[in-house]
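Comments concern the structure below.
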Amino acid sequence: MPFIPHTEEDIRAMLEAIGVEKTEDLFDEIPANLRTNGLSNIPPALTELGITQLMQQRAAQDGKPVCFIGAGAYEHHIPAAVWEITTRGEFYSAYTPYQAEASQGTLQLLYEYQTMIAGLTGMDVSNASLYDGASSLAEAVLMAVRANRKSKSKKILMPRTVHPAYRKVARTIVNNQGIELEELDYDHKRGFIDPDALPKDPGDVTALVIPQPNFFGVLEEVDTLTDWAHSHNMLVIAVVNPLSLSILNAPGSWGKEGADIVCGDGQPMGIPLSSGGPYFGFMACKQQHVRQMPGRIIGRTTDLDGKTGYALTLQAREQHIRRSKATSNICTNQGLMVTAATIHMALMGAEGLAEAARASHRNIRMLVDQLSGIEGVSAVFDRPVFHEAVLQLDMPVDDVLHTLAEDNVLGGYALGDDYPELENCVLVCATETRTQADMDFYYEKLNQIFSMQRTAPRPIKPKM
Amino acid sequence: MSNVPADLKYTKSHEWIQDLGDGTVNIGITDHAQTLLGDLVFVELPEVDSEVSAGDECAVVESVKAASDVYSPLSGTVIAVNEVLADTPETINQDAYGDGWLIKLKLSDANELTDLLDANAYEEVAAEDH
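Respectively, the protein sequence lines represent chains A and B.
Per our numbering: the first sequence = residues 1 to 464.
Per our numbering: the second sequence = residues 1001 to 1130.
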């Protein structure tokens, strides 16, 4: 019998059984003004040729700019082999197959991915990935509330140095679950959470979020912050850039006891920018919290014949078993991204990743030195950074960025909207992919804008 | 038929209660329940000093097959939890009525004890599961 559910006959029989005339009547509780009637804005179908041409046109609109924007998504070199292998038929699927244990290759890859993430973060266990960095932080917050049984407050200290988009997503997800995200301000002169400014008696707080590097690229005093949090019975949630962990201390070794939960976006590990996605989130934790961790975990075991095999473990937390008490319904939707990241990490190796991280760090320092040589441009914070930094411009930042874009330079991310105190400040990034020529070009164009402004002060008129 | 000691009280949701006679009780899950669950791999217990009301979820027992909530049969304050279960949850499989106890409760209303099932009544409940 072919598996074709919902034939006309089936539907009629089911409606009859429950005494309803037509399917439409099942939705009559939803007010008419909230319902859609068809998707009128969807254009008619195109041929393969037509859609290819349209997509090529759309893709070409991005142009080939030289990118100095980071702010959460980073352009890194991806060895050609990564996506060549990822898109092989054996790997080319977004999901863990439903009969998971029949797909030993996929499970082995996820097991290796978890091992690599656990190694990078210094944690005991990693799950098999989440949607993206922002939702991984939201999940980490929910997890901390479940895991910290000493705390009754459901209050999380969320520093303003955490990515603004991550904070918004976390708020959206946890807001209606009685969880309070309390903002923690930073030192406006130095761009980090000043440990000396932390409250002496914070009261009952469930967890402290620590970004490393923070949204400004600046390194936080992670050891002191971790110990402070633990001394007040808080858990520590680390939000990290995974590439930075190849040269920075793993969260597992922060302070005396290490962070409790580590999360972040995996995009820097082999995932192209692709105008914003898909990316993937990662999450790892200490063994003692593993049962509160959402998502899947793959374990290695031996079968009856003594051969190595891989299996889904800790499924007891998932929704098909725990129903409403499940810690998550996240499986492995970002499986293809994780496949690419695993192959990327394997090909680059610890040394290769560290080299890319060091080269990125070198480049941002060179770029900041170079650009702050321009009159009207200055570095804002004096703390060590990873591969991003904040520059203050003595001109309206949006106009400057617009004019740079005319010359195919994406000059950075304007911070004023998210941080009113940083008006006309721009967050710039230089990864290992930026050449000296790229940076010289940026310098030249920015210098031009500022010298024109000096000789003939007038509002900048963008050309586009 | 599973083992159902006559000196204990029971609930329909497969908890047992041992009245210690001094306003406190020990609570666990029945032998029948552990048989249905299979090998236990994890037990989540409440914090000592926490307050529970009759019918509240007070613990979770997780086996290789399922995770089940344990409901507190009575109201009171948790005065002890079985710490041994953190490392050896299989103790419940081995000795559900003895070393496999879950929590010790100081009752806030001893009258609730009269609402519980006796061994005969529970045997009937357990028999319906088959």
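Note that beta-carbon positions come from the ideal geometry of N, C-alpha and C, so glycine has one too.
Expected contact under 8 Å - CB spacing of A/Ala73 and A/Gln267 to nearest Å | By one-based count along the first sequence, residue 73 of chain A stands at place 73. By one-based count along the first sequence, residue 267 of chain A stands at place 267. Between A/Gln267 and A/Ala73 the Cβ distance is about 6 Å, and since that is below 8 Å, they are a contact.
Under a three-way DSSP split, which group does A/Phe441 fall into?
-> Taking the first residue of the first sequence as position 1, residue 441 of chain A is located at position 441. DSSP places A/Phe441 in helix when its eight states are reduced to three.
6 Å Cβ shell around A/Leu110 - same chain, five flanking residues per side excluded = Indexing the first sequence from 1 puts residue 110 of chain A at position 110. Cβ neighbours of A/Leu110 beyond the five flanking positions: Ala128 and Ile298.
From A/Asn424, A/Ile179 and A/Val82, residue whose alpha carbon lies closest to that of A/Asp204 = As a first step, residue 204 of chain A must be located in the first sequence, where it is residue number 204. When each option's Cα is compared against that of A/Asp204, the closest is A/Ile179.
Is A/Phe27 close to chain E, meaning its C-beta is less than 9 Å from at least one C-beta of that chain?
-> Absence of chain E from the displayed structure is noted, the protein chains being A and B.
Could you check if B/Gly1038 is buried or exposed, using at least 16 other CB atoms within 10 Å of its CB as the buried criterion?
-> The residue you call residue 1038 of chain B lines up with position 38 of the second sequence. Exposed is the call here.
With which residues is B/Gly1076 paired in a DSSP beta bridge?
-> Along the second sequence, one-based indexing puts residue 1076 of chain B at 76. In the DSSP output, where bridge partners are listed per residue, B/Gly1076 has B/Val1052 and B/Leu1107.
Range of the contiguous alpha helix (DSSP H) that encloses A/Glu406 | Locating residue 406 of chain A in the first sequence gives position 406, counting from the first residue. Counting along the chain, the alpha helix (DSSP H) containing A/Glu406 begins and ends at Val397 to Glu406.
Just the C-alpha distance for A/Glu16 and B/Asn1093, rounded to the nearest angstrom, thanks.
-> For the purposes of this step, residue 16 of chain A is taken as the residue at position 16 of the first sequence. For the purposes of this step, residue 1093 of chain B is taken as the residue at position 93 of the second sequence. Rounded to the nearest angstrom, the two C-alpha atoms are 48 Å apart.
Residue environment, A/Lys286, which counts as buried when at least 16 other CB atoms sit within 10 Å = In the first sequence, the residue the question calls residue 286 of chain A occupies position 286. Its Cβ being crowded by 16 or more others within 10 Å, A/Lys286 is buried.
With respect to the alpha helix (DSSP H) encompassing A/Leu54, which residues constitute its N-terminal and C-terminal limits?
-> Numbered from 1 along the first sequence, position 54 holds the residue referred to as residue 54 of chain A. Here the alpha helix (DSSP H) through A/Leu54 covers Glu48 to Gln61.
Using the beta-carbon count (16 or more within 10 Å), is B/Glu1128 buried or exposed?
-> Position 128 of the second sequence holds residue 1128 of chain B. It counts as exposed.
Compare the Cα-Cα distances from B/Leu1113 to each of B/Ser1013, B/His1032, B/Asn1003 and B/Gln1018 and report the closest residue.
-> Position 113 of the second sequence, counting from 1, holds the residue named residue 1113 of chain B. Answer by Cα proximity: B/Gln1018.
Own chain residues within Cβ distance below 7 Å of A/Ala414, not counting five before or after | Position 414 of the first sequence holds residue 414 of chain A. Counting only Cβ-Cβ distances below 7 Å, and skipping sequence neighbours, we find Val397, Asp398, Leu401 and Val426.
Residues that DSSP places opposite A/Tyr413 in a beta bridge = Position 413 of the first sequence, counted from the first residue, corresponds to residue 413 of chain A. Partner(s): A/Leu427.
Residues in its own chain within less than 7 Å of A/Gly105 by CB, not counting five upstream and five downstream?
-> By one-based count along the first sequence, residue 105 of chain A stands at place 105. Correct list, in chain order: Glu90.
In whole angstroms, what separates the C-alpha of B/Ser1050 from that of A/Glu29?
-> As a working note, residue 1050 of chain B is residue 50 in the second sequence. As a working note, residue 29 of chain A is residue 29 in the first sequence. If I take the Cα positions, the gap works out to 41 Å.
What is the C-beta distance between A/Thr206 and A/Val145, in whole angstroms, given that I count them as a contact (C-beta under 8 Å)?
-> Mapped onto the first sequence, residue 206 of chain A falls at position 206. Mapped onto the first sequence, residue 145 of chain A falls at position 145. Yes, they are in contact, since the Cβ atoms of A/Thr206 and A/Val145 sit about 6 Å apart, within 8 Å.
Okay, do the segment 165 to 180 of chain A and the segment 141 to 157 of chain A touch, 3+ Cβ pairs below 8 Å being the bar?
-> yes
Please classify A/Tyr74: does DSSP put it in a helix, a strand, or coil?
-> As a first step, residue 74 of chain A is located in the first sequence; it is residue number 74 there, counting from the start. DSSP places A/Tyr74 in coil when its eight states are reduced to three.
Given A/Ile449, which residues of its chain have a CB within under 8 Å of its CB, disregarding the five upstream and five downstream residues?
-> The residue labelled residue 449 of chain A in the question sits at position 449 within the first sequence. Here the set comprises Met395, Val400, Thr403, Leu404 and Ile460.
Are three or more beta carbon pairs between the segment 221 to 231 of chain A and the segment 17 to 36 of chain A nearer than 8 Å?
-> no
Would you mind listing the alpha helix (DSSP H) stretches within the segment 154 to 234 of chain A that are 4+ residues and don't spill past its ends, in chain order?
-> 164 to 174 and 222 to 231
With respect to the alpha helix (DSSP H) encompassing A/Asn37, which residues constitute its N-terminal and C-terminal limits?
-> On the first sequence, residue 37 of chain A is found 37 positions in, with the first residue counted as 1. From DSSP, A/Asn37 is part of no alpha helix (DSSP H); its letter is neither H nor E.
Quick one: grab the DSSP three-state call for B/Asn981.
-> No answer is possible for residue 981 of chain B: the residues shown for chain B start at 1001 and end at 1130.
Following the continuous beta strand (DSSP E) through A/Thr302, name the residue where it begins and the one where it ends.
-> As a position in the first sequence, residue 302 of chain A is number 302, starting the count at 1. It spans Ile297 to Thr302 - the beta strand (DSSP E) in which A/Thr302 sits, taken as one unbroken run.
According to the neighbour-count rule (16 or more other Cβ atoms, all chains shown, within 10 Å of its Cβ), is A/Leu137 buried or exposed?
-> Against the first sequence, residue 137 of chain A aligns to sequence position 137. So A/Leu137 ends up on the buried side.
Taking the C-alpha atoms as reference points, what is the distance between A/Gly352 and A/Phe282?
-> Reading the first sequence from its first residue, position 352 is the one you call residue 352 of chain A. Reading the first sequence from its first residue, position 282 is the one you call residue 282 of chain A. Looking at the two C-alpha atoms, the distance is approximately 20 Å.
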